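Going by the numbering used here, the first residue of the sequence shown is number 3, and it counts up by one from there. Heads up, the beta-carbon is just placed ideally off N, CA and C, and yes, glycines get one too. These figures come from a predicted structure and were not determined experimentally. Okay, so here's the structure we're looking at.
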Amino acid sequence: VVRLYRGLGTSLAGRLVNTGITPNEITLTGFIFVLIACFFFTRGTHIGFLTGSMVLFFSIVLDFTDGTLARMKNQASMLGDWLDAMIDELREVVVAASLCAGLYRIKPEGYVWILGLTILATDRIIFRTVGKLFNVIPQGRENVMQEVKSTFSNKTIFRITKEFLSVRLLKYTIIPVFALFNKLEAYLFFAAVYGVALSIVFLGYSFYRIKKEGKK
């Protein structure tokens, strides 16, 4: 999944490198597309769900374009990094909320919002768990990243971090499939159950590794 978006983002960045478009403009444009997608999601209709999922897909491509473009133009900055991170987190909230709002228009039941909260909560659990794994290594060493690699056998920490990114991307990438068959409710159930299952795995693994490192 990551390779798909990275390939599309790199291709688009290559076409924009000789233009006056900046990476931050790409980041903001991507978020505008997210908001447009959310508008369609809130309609609660088949065409709205399908259109929103396509717009959201393009916004994710732009999310992979801005960083690549910044490197190509040598315009990487702390502001750009902060902006990208904040928009990523905002996207999680507004997408989940708009999907729930759309389904609630069709089925005004309380469980709809519970599904949305579950999706958001499990995303935060996984995010914090990955961050805590990085914090296991004491600060102040010359090469913290190298120490992380040597501490966590077979570079597992890096595979987990990559998988976390895939968790979010997979949730977005499969939306068009559910949208095609007008199964918004099924999608929310899938995303919630998927998040809970992965949270259990991530928490279990992190507890094991951190406890093991604490005994050294």
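| Among 91, 32, 41, 83, the one whose alpha carbon lies nearest that of residue 123 | Here residue 123 refers to the residue found at position 121 when the sequence shown is read from its first residue. Looking at the Cα atoms, 91 is the closest of the given residues.
| said: Across the stretch 92-106 and the stretch 38-51, are there enough close Cβ pairs to call them in contact, namely three or more that are closer than 8 Å? | reply: yes
| According to the Cβ coordinates, are residue 128 and residue 186 closer than 8 Å? | Mapped onto the sequence shown, residue 128 falls at position 126. Mapped onto the sequence shown, residue 186 falls at position 184. Contact flag unset, no.
| query | So residue 22 is in the alpha helix (DSSP H); what residue range does that whole segment cover? | reply | What you label residue 22 is simply residue 20 of the sequence shown in a count that begins at 1. Note, residue 22: premise wrong, no alpha helix (DSSP H); not H, not E.
| message | Contact defined as beta carbons within less than 8 Å: I believe residue 58 pairs with residue 72. What is the distance between those atoms, to the nearest angstrom? | response | Here residue 58 refers to the residue found at position 56 when the sequence shown is read from its first residue. Here residue 72 refers to the residue found at position 70 when the sequence shown is read from its first residue. Contact doesn't hold; Cβ gap of about 22 Å is too wide.
| message | I'd like the list of long-range same chain contacts for residue 83, defined as Cβ closer than 7 Å, with 5 residues on each side in sequence excluded. | response | Here residue 83 is taken as the residue at index 81 of the sequence shown, counted from 1. For residue 83, where only same-chain residues beyond five positions count, there are no Cβ hits under 7 Å.
| Over what stretch of residues does the alpha helix (DSSP H) that includes residue 72 continue unbroken? | Residue 72 sits at position 70 when you count from the first residue of the sequence shown. From DSSP, the alpha helix (DSSP H) with residue 72 extends over 48-75.
| message | Let me make sure I understand the geometry here. Which of 65, 22, 24, 130 has the alpha-carbon closest to that of residue 36? | response | Taking the first residue of the sequence shown as 1, we reach residue 36 at position 34. Of the candidates 65, 22, 24, 130, the one whose C-alpha sits nearest the C-alpha of residue 36 is 65.
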